[in-house]
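If you number the sequence shown the way the numbering used here does, the last residue is 470 and the count never jumps. Every residue, glycine too, gets a C-beta built ideally from N, C-alpha and C. Structure first, then comments.
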Amino acid sequence: MNAPRIALVTGANQGLGRALVEGLAARLGPADLVLLTGRDGRRVADAAAQVAHAPGTRSRVAGRVLDVTDADAVAALVDELRERHGGVDIVISNAVARLVPDRPQSEQADQFIDVANGGTHAVLRSFAPALRPGGRLIVVASTLGTLGHLDPRLRARFDGASLEQVEYAVESWRGAIHNGTAAQAGWARWLNVPSKVAQVAAVRAVAAERRAGDLADGTLIAAVCPGMVDTATSRPWFDDYSQAQSPAEAARAVLDLVLTEGVDPALYGELVRFGKVLPWHDGTPPTEQDQQLIP
Numbered sequence: 176m177n178a179p180r181i182a183l184v185t186g187a188n189q190g191l192g193r194a195l196v197e198g199l200a201a202r203l204g205p206a207d208l209v210l211l212t213g214r215d216g217r218r219v220a221d222a223a224a225q226v227a228h229a230p231g232t233r234s235r236v237a238g239r240v241l242d243v244t245d246a247d248a249v250a251a252l253v254d255e256l257r258e259r260h261g262g263v264d265i266v267i268s269n270a271v272a273r274l275v276p277d278r279p280q281s282e283q284a285d286q287f288i289d290v291a292n293g294g295t296h297a298v299l300r301s302f303a304p305a306l307r308p309g310g311r312l313i314v315v316a317s318t319l320g321t322l323g324h325l326d327p328r329l330r331a332r333f334d335g336a337s338l339e340q341v342e343y344a345v346e347s348w349r350g351a352i353h354n355g356t357a358a359q360a361g362w363a364r365w366l367n368v369p370s371k372v373a374q375v376a377a378v379r380a381v382a383a384e385r386r387a388g389d390l391a392d393g394t395l396i397a398a399v400c401p402g403m404v405d406t407a408t409s410r411p412w413f414d415d416y417s418q419a420q421s422p423a424e425a426a427r428a429v430l431d432l433v434l435t436e437g438v439d440p441a442l443y444g445e446l447v448r449f450g451k452v453l454p455w456h457d458g459t460p461p462t463e464q465d466q467q468l469i470p
């Protein structure tokens, strides 16, 4: 008899994260447990209760407060899951801080970097060793996460980098924002560009160290691009949502990757969009015209 599976989603109170929890709860079994996590205790409890009692929910659902910017809290939760369950089977790192267009991005940088990048690093560092054989650790990124979106002067900082080197590069970027040298150094004004490249670079760094063992036991570590999703986070930035997916639609392709039996070695450690790899070196830096549209 197989042990119950333990799944966890960060940034899961609403939007894509909530849809990922709903999809897992519908597709996993009655003995399995899905943990819906976020920073606000009341919102976490309300969202978890709603999912738990929704039509179509099959698995157990519970809410847990988790601030991914607190690496000690992430590590403590992992220790608890190891003690109670022997590890974890599915982890989807989805937490992101919302950017708004009516404030300069430089003023929003710290919180955004702390959540999207610091949170990703904490999840990778603590949860990867706790994955049980056949586990899945997925980081939600975007098409902006390929290396070619960076200025050529910056690419060597992330290409083939270790997790520690990625962290150092991210902090160098943060420092350049604060001291006013980011544009001169080639960092894109749009925070999403360096942040997403760094997220994928972090995934690649951890995956490179674990590849042989993970492929041997059917474990997958990867980044995913869910495509354009109509959420409160993305809506302020786009005028035309006619081609956008609902969170539930976007979650479907991510969960197909998570729940497919076996691991395609070609997908391991890569950025995946609708089941296809987005090559690491593809992409072009945003143009000056593009950047002029960003506050």
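Mapping the DSSP letters down to three states, classify residue 375 as helix, strand or coil.
Residue 375 falls in the helix class under three-state DSSP.
Residue 440 classed as buried or exposed, judged by whether at least 16 other C-beta atoms fall within 10 angstroms:
exposed
Straight-line Cα distance separating residue 191 from residue 426
6 Å
Cβ shell of residue 233 (< 7 Å), same chain only, five flanking positions each side left out:
200, 201, 203, 204, 205
Grab the span of the beta strand (DSSP E) containing residue 423 for me, first residue to last.
Not the beta strand (DSSP E): residue 423 falls in the alpha helix (DSSP H), residues 422-434.
Quick one: what's got a C-beta closer than 7 Å to residue 274's C-beta in the same chain, skipping five residues either side?
280, 283, 287, 366
Residue 272, DSSP secondary structure in three states
coil
Contact between the segment 433-447 and the segment 301-321 is defined here as three or more beta-carbon pairs at a separation below 8 Å; is this criterion met?
yes
Give me, in chain order, the residues of the same chain whose beta-carbon lies closer than 7 Å to that of residue 376; leave out the 5 immediate sequence neighbours on both sides.
333, 336, 341
Contained beta strand (DSSP E) runs [length at least 3] in the segment 229-272, N- to C-terminal order:
235-240, 263-268
How is residue 443 classed by DSSP in three states: helix, strand or coil?
Note: residue 443 maps to coil in three-state DSSP.
Any contact between the segment 347-365 and the segment 391-398? By contact I mean 3 or more CB pairs, one from each, below 8 Å.
The segment 391-398 and the segment 347-365 do not touch, with fewer than three beta-carbon pairs separated by less than 8 Å.
With DSSP collapsed to three states, give me the class of residue 450.
Three-state result, residue 450: coil.
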